[in-house]
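Residue numbers (the working numbering): 2 to 193.
Even glycine gets a Cβ: it sits at the ideal position worked out from N, Cα and C.
Here's the structure, in structure tokens; my notes come after.
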């Protein structure tokens with residue numbers, strides 16, 4: 002398995018953790034793949050853990066089954082960092098480097114960027130896209146998940162599974178510069 006750490010104190014569903022502590026004392030946490038989004042890492046962890054539904058994984062990693070499901074500008078990053086014992090980085094870096102804020106921050110004032118980070122860390126994201134001006138922008142607030150089929154094939158060969166690349170998720174990007182092919186859009190998840 003490529004890059005895997007283990008958590009000693011992840012509250013694995015309270016009762017489940019106490020019942021299975023002897024058999025599974027540490028929950029495996031995967032390391033980042035190059036240019037991977039936070040949503041992608043959480044999705045890979047979900048697959049590794051074999052969780053029954055996404056809400057279960059969200060509850061384990063973010064403290065609530067409805068948290069952490071936004072693939073573009075997720076909230077409750079502070080909870081995620083606490084529950085993963087900081088093994089995957091601090092909340093500020095996650096927001097700035099592993100979400101679409103990595104794209105938008107270049108068009109924001111330092112003050113607006115910091116406010117967006119604070120909102121993502123705390124979970125105050127209900128009006129974040131509005132405050133960032135996305136609802137009135139040319140690109141709007143729709144951020145479909147996109148992937149390059151050739152990158153996916155390469156990822157499986159090199160790392161054992163495909164993953165969501167941050168650079169493919171940027172608004173207006175529909176072409177893989179590495180392979181010279183159009184990106185495919187996921188129909189399963191969008192943030193309209």
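Checklist entry - Looking at residue 62 and residue 84, is the spacing between their C-beta atoms short of 7 Å? => result yes
Item to check | Of the listed residues 58, 72, 73, nearest to residue 66 (C-alpha basis) | outcome: 58
Checklist entry - Are the beta-carbon atoms of residue 40 and residue 77 separated by less than 7 Å? => result no
Checklist entry - Which partner residues of residue 159 appear in the DSSP bridge assignment? => result Paired residue(s): none; residue 159 is not in a bridge.
Checklist entry - Quick one: what's got a C-beta closer than 6 Å to residue 116's C-beta in the same chain, skipping five residues either side? => result Nothing meets the Cβ criterion.
Item to check | Simplified DSSP state of residue 14, which is helix, strand or coil | outcome: Because residue 14 carries a pLDDT of 47, less than 50, the predicted location of this residue cannot be relied on, and the following value inherits that uncertainty. Coil, per DSSP.
Checklist entry - I think residue 149 touches residue 171, with their Cβ atoms under 8 Å apart; what is that distance to the nearest whole Å? => result Contact flag wrong, Cβ pair sits at about 13 Å.
Next on the checklist: Taking its Cβ as the centre, do 16 or more other Cβ atoms sit within 10 Å of residue 175, making it buried, or is it exposed?
Outcome noted: exposed
Checklist entry - Taking residue 93 as the reference, which of 120, 110, 108, 86 has the closest Cα? => result Of 120, 110, 108, 86, the residue nearest in Cα terms is 120.
Checklist entry - Counting Cβ pairs, one atom from each stretch, are 3 or more of them under 8 Å apart for the region 143 to 159 and the region 178 to 190? => result yes
Checklist entry - Hey, residue 106 and residue 167 are a contact pair by Cβ (cut 8 Å); roughly how many whole angstroms apart? => result Between residue 167 and residue 106 the Cβ distance is about 12 Å, and since that is not below 8 Å, they are no contact.
Next on the checklist: If we require 4 or more residues per run, which alpha helix (DSSP H) segments fall completely within the region 44 to 127?
Outcome noted: Runs of the alpha helix (DSSP H) inside the region 44 to 127: 55 to 63, 78 to 84, 92 to 98, 102 to 105, 111 to 123.
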